[in-house]
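Below: the structure, in C-alpha cells.
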Amino acid sequence: MKTIINNKEITIPDELREGRLVEYIRNVLNLTGAKNACDMGACGACAILINNKPAKICHSLIKDVENAEVLTIEGMANPDGTLHPLQQAFVDYGAIQCGFCTPGMVLTAHAFLLENQKPTRNQIRKALQGNLCRCTGYQQIIDAIEAASVHYLKQ
Ligand code: FES
Ligand code: FES
Numbered sequence: 269m270k271t272i273i274n275n276k277e278i279t280i281p282d283e284l285r286e287g288r289l290v291e292y293i294r295n296v297l298n299l300t301g302a303k304n305a306c307d308m309g310a311c312g313a314c315a316i317l318i319n320n321k322p323a324k325i326c327h328s329l330i331k332d333v334e335n336a337e338v339l340t341i342e343g344m345a346n347p348d349g350t351l352h353p354l355q356q357a358f359v360d361y362g363a364i365q366c367g368f369c370t371p372g373m374v375l376t377a378h379a380f381l382l383e384n385q386k387p388t389r390n391q392i393r394k395a396l397q398g399n400l401c402r403c404t405g406y407q408q409i410i411d412a413i414e415a416a417s418v419h420y421l422k423q
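The sequence shown begins at 269 in our numbering and counts up by one.
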C-alpha cells in the first residue's frame, strides 16, 4: 500500500497493513514526535494530521493511512529548515515546557488555523480540548496560536 508522509510517498508492505500506525511511524520511520502516552484516545499526544484533519493515532492501524496525506511534526518546518510560524510562536510565547504534548498541540492547532484564520480565544480553547498539557496551564499555548493566526491569513 502507498501513503504520503511529510510530502514523501512511502510504500508499505501489505503484510503490515494491520500493524499499529503509531509504532510504525515512531519505530520504523523514526518520526518520534507523535507519542504513545495514554494509549486510550484521551490526551492527544499521539495526534498527527491525516488529510489535514487531526487524528489521535494510538488506536489507528497502518491501513488507515492508505492513499492519505499524513503530516507529522517533523514535516512542519519550512523547506529551508526554519520553523513554521506556528512552531516559532510556541517558542516565542513560552508555550512549551516539557514538550511532551507539543507535537500534538501544534498539529491540532495547525489544522484548526487552516480552517479558521481569525479565531477567538474560546474557539482556540475548544479546538484544543482533546489535547492535554500537564505543564503550561494552557494560556501561553492559546497566546501562541492566537499570535500565529495572522500567518494563515496569507496562505
Ligand atoms: S496516546 Fe493517543 S490520545 Fe493519548
Ligand atoms: S509542555 Fe509538558 S505536557 Fe505540555
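C-beta: ideal position from N, C-alpha, C; glycine also.
Own chain residues within Cβ distance below 8 Å of residue i, not counting five before or after
| i | result |
| --- | --- |
| LYS270 | GLU277, ILE278, THR279, ILE280, GLU334, ASN335 |
| GLU291 | ASN304 |
For residue j and residue i, the rounded distance between their alpha carbons
| i | j | result |
| --- | --- | --- |
| HIS352 | LEU317 | 15 Å |
| LEU354 | THR376 | 11 Å |
| ILE413 | ARG285 | 35 Å |
| LYS394 | LEU329 | 27 Å |
| VAL374 | LYS331 | 24 Å |
| HIS327 | LYS386 | 32 Å |
| ASN320 | LEU381 | 11 Å |
| ALA315 | MET344 | 14 Å |
| LEU297 | ASP282 | 16 Å |
| THR388 | LEU289 | 33 Å |
| LEU396 | PRO322 | 10 Å |
| ASP307 | ASN346 | 30 Å |
| ASN275 | GLN407 | 32 Å |
| ASN295 | HIS378 | 25 Å |
Own chain partners of residue i with C-beta closer than 7 Å, once the 5 adjacent residues on each side are dropped
| i | result |
| --- | --- |
| LEU400 | CYS311, GLY312, CYS369 |
| ASN384 | GLN391 |
| SER417 | LEU381, GLN385, LYS386, PRO387 |
| GLY309 | LYS324, CYS326, HIS327 |
Burial state of residue i, where buried means 16 or more other Cβ atoms lie within 10 Å
| i | result |
| --- | --- |
| LEU421 | exposed |
| LYS438 | Nothing about residue 438 can be read from this structure; the chain reaches only from 269 to 423. |
| CYS366 | exposed |
| GLY349 | exposed |
| GLY405 | exposed |
| GLY372 | buried |
Presumed contact (8 Å Cβ cut-off) between residue i and residue j, rounded CB distance
| i | j | result |
| --- | --- | --- |
| ILE341 | GLY301 | 4 Å |
| ALA363 | ILE409 | 4 Å |
| ALA415 | ALA357 | 5 Å |
| VAL338 | ILE273 | 4 Å |
CB contact check: residue i to chain B, cutoff 9 Å
| i | result |
| --- | --- |
| ILE330 | As a matter of chain content, chain B is missing from the structure shown, which is built from one protein chain. |
Other residues of its chain near residue i: CB distance less than 6 Å, five sequence neighbours each side excluded
| i | result |
| --- | --- |
| LEU299 | ILE293, THR340, GLU342 |
| ASP411 | TYR361 |
| GLY398 | GLY312 |
| ILE419 | In the sequence under discussion, the amino acid at residue 419 is His, which differs from the Ile named in the question. Only PRO353 meet the Cβ criterion. |
| ASP403 | Note that residue 403 is Cys in the sequence shown, not Asp. Once the five neighbours on either side are set aside, the close Cβ partners of CYS403 are GLN365, CYS366. |
Residues proximal to ligand 4 by C-beta, any heavy atom closer than 6 Å: This structure does not include ligand 4; its bound ligands are ligand 1 and ligand 2.
Any chance you could list the residues with Cβ under 5 Å from a heavy atom of ligand 2, keeping chain order? Summarising the contact set, residues whose Cβ lies nearer than 5 Å to any heavy atom of ligand 2 are, in chain order, GLN365, CYS366, PHE368, CYS369, CYS401, ARG402, CYS403.
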